[in-house]
Amino acid sequence: MKAYSFPMEKVLEWRTHSEKSTMEKFAVLQNELQHHKLVLLELTNRYESTKERSLKYKTIQELLQQQLYKQKLEEKISLQNKAINSTSANLEKVRVELIAAQKDRKIMEKLKEKDFSTYNDEVKDEEQRELDEIAVLKFKKKTF
C-alpha cells in the first residue's frame, strides 16, 4: 500500500499561508494603533500642561502665543483621534478576515483528518483481507 498523501495539501498550505499573512497584518495594525494612542497621550499631556501654565503668563503677546499653541495642539489631537478611529476600523476588518482565514484552515484540517481516518480504515481492511486469505490458504493446506 502506498504512503498517505492528502489530495488537497496545497490548498491547506495556501490557507495556512493566508492565515499567517492576515495575522501579520493584524499585528502591524495593532502596533500602529498602539503608536497612535501613545502619540495621543503625549499630545493630551502637553495640552494639559499648557493649560496649567497659561495662568503664569503676564503679557498679551505671551497669552496670544499660548492660545495659538493650544489651538495647534487641539488640531493635532483631533487628527490623532481620527487616525485612531481609522486604524481601529481597519483593525476590525482585518480581525474579521483573520477569523475567516482561521475557520477556512480549520475546515481543511478537519477534511485532512477525515481523509486520513478513511485511509487508515482502508489500510486495515486491506490487511484484514490479506490475513483472511493467508488463513484460508493455511487451512486448505492442512485439509489436503
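In our numbering, the protein residues as written are -8 to 135.
Just so you know, even glycine gets a beta-carbon here, dropped at the ideal spot from N, CA and C.
Predicted model only: the values in this text are computed from it and were never measured.
- In the structure shown, methionine 99 falls within a helical segment according to DSSP collapsed to helix, strand and coil.
- Alanine 92 sits in a helix when the DSSP states are folded into three classes.
- In the three-state DSSP reduction, methionine -1 falls in the coil class, being neither helix nor strand.
- The stretch 86 to 99 makes contact with the stretch 1 to 19: 3 or more CB pairs, one atom from each, lie closer than 8 Å.
- Taking methionine -1 as reference, the option from Asp123, Lys129, Leu122 and Lys105 with the minimal CA-CA separation is Lys105.
- At a Cβ-Cβ threshold of 7 Å, histidine 27 and isoleucine 75 count as neighbours.
- Across the structure, serine 79 and leucine 24 are spaced so that their CA atoms are roughly 7 Å apart.
- Rounded to the nearest whole angstrom, the C-alpha separation of asparagine 111 and asparagine 72 is 57 Å.
- Between the alpha carbons of aspartate 95 and asparagine 81 lies a gap of roughly 21 Å.
- Threonine 50 carries a coil assignment under DSSP once its states are collapsed to helix, strand and coil.
- Going by beta carbons, isoleucine 68 and leucine 29 fall outside the 7 Å limit.
- Ranked by Cα distance from glutamine 57, the first of Glu65, Glu66 and Ser45 is Ser45.
- Taking the Cα of glutamate 65 as reference, the smallest distance to any Cα among Lys1, Arg37 and Glu53 is reached at Arg37.
- When the Cα atoms are used, leucine 70 and glutamine 21 turn out to be separated by approximately 18 Å.
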